[in-house]
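Be aware that the sequence shown starts at 7, since it is given in the working numbering, and climbs by one per residue. Idealized CB from N, CA, C, for every residue including glycine.
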Amino acid sequence: MGKIRKDMVDFHGEMVLLENHSDINYTSLAKILKKYDKRIGELLRLPFIQKVLQQAFFSTDLVSKLVKNVKAPYMQCSQL
């Protein structure tokens with residue numbers, strides 16, 4: 007049971023890191039585009055971010071579901 011618990015904790019941790027990485031990527035992109043808009047004088051940020059948010063690679067829905075789905079069984083496993 008100990009190995010399963012450790013594997014669940016590791017998997018959960020990796021999924022949380024992936025969620026955080028996605029958030030950092032979004033923030034970085036928004037800041038880069040904001041600086042671009044300011045220097046060039048164009049308004050590229052909002053339309054570009056809207057297009058990016060619609061892309062499949064940017065969606066974190068699956069990762070968020072995995073985090074939630076792993077957390078519940080882990081809590082049950084840790085009570086044993």
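Looking only at 13, 67, 35 and 69, the smallest Cα-Cα distance to residue 54 is reached by 35.
Close CB contacts of residue 18 within its chain, under the 7 Å cut and outside five residues either way in sequence, are with 73, 76, 77 and 80 (chain order). When DSSP states are grouped into helix, strand and coil, residue 66 belongs to the coil group.
Straight across, the Cα-Cα distance linking residue 41 with residue 60 is about 22 Å.
If you look at residue 48, you'll find it isn't in any alpha helix (DSSP H); DSSP assigns it neither H nor E.
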